[in-house]
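In the numbering used here, the protein residues as written are 1338 to 1497.
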């Protein structure tokens, strides 16, 4: 009978853990997907400015940002009215690319890497990590700054 109660207790504990998820970190410690704009600004310690593009009413940015001591040319966030924080992207100089890629590899393991040549224009390299909660994409393109983009994952890897 005590074994039965132990099994029931364990099952209830597992159900409670699944029903009470912890917030999902979105690339910067303390940020979570779904945060409103004011919370994102407060956490980053900056005021984000709306991007003046007709199709991007949910897109905000700030220039000359510091990420853990690394200079970032521009930070862009997509914060939707209904769903909150949906994407975060950093543009930075190539001189910091190696350190950023090494840090991501150390934290999340080896990425999926690919080289892409779009329409015969300048080729680009992409590195992609799937952390379970986030999809992180790093892009090197000769014509643009190094880009590091985070978005919430739509796929639960346990279903694969």
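By construction, the Cβ of each residue, glycine as well, lies at the ideal position given by its N, Cα and C atoms.
Which residue wins for smallest C-alpha separation from residue 1385, given the options 1420, 1367, 1426 and 1419? If we check each option's Cα against that of residue 1385, 1426 comes out closest.
Beta-carbon within less than 7 Å of residue 1454's beta-carbon, same chain only, minus the 5 sequence neighbours each way: which residues are those? Here the set comprises 1460.
Integer-rounded CB distance, given that residue 1490 should sit under 8 Å from residue 1469: Between residue 1490 and residue 1469 the Cβ distance is about 7 Å, and since that is below 8 Å, they are a contact.
I believe residue 1381 touches residue 1422 by the beta-carbon criterion, under 8 Å. Please report the beta-carbon distance rounded to the nearest angstrom. Going by Cβ atoms, the distance from residue 1381 to residue 1422 rounds to 11 Å, so no, they are not a contact pair.
Option in 1409, 1472 and 1403 with minimal Cα separation from residue 1431: Nearest option by C-alpha distance: 1409.
Taking 6 Å as the limit between beta carbons, can you name the residues of its chain near residue 1449, skipping five residues before and five after? Closer than 6 Å at the Cβ level, and outside the excluded window around residue 1449, lie 1465.
Kindly indicate which residue of 1394, 1445, 1433 and 1418 has the alpha-carbon position closest to the one of residue 1373. Scanning 1394, 1445, 1433 and 1418 for the CA closest to the CA of residue 1373 turns up 1418.
Consult DSSP for residue 1492 and reduce its assignment to one of helix, strand or coil. Here residue 1492 carries a coil assignment [DSSP, helix/strand/coil].
Proximity of residue 1476 and residue 1484 at Cβ, strictly below 8 Å: Yes; because the gap between Cβ atoms is below 8 Å, this pair is in contact.
Check for me: the beta strand (DSSP E) holding residue 1498 runs from which residue to which? The question about residue 1498 has no answer, for the chain in this structure spans 1338 to 1497.
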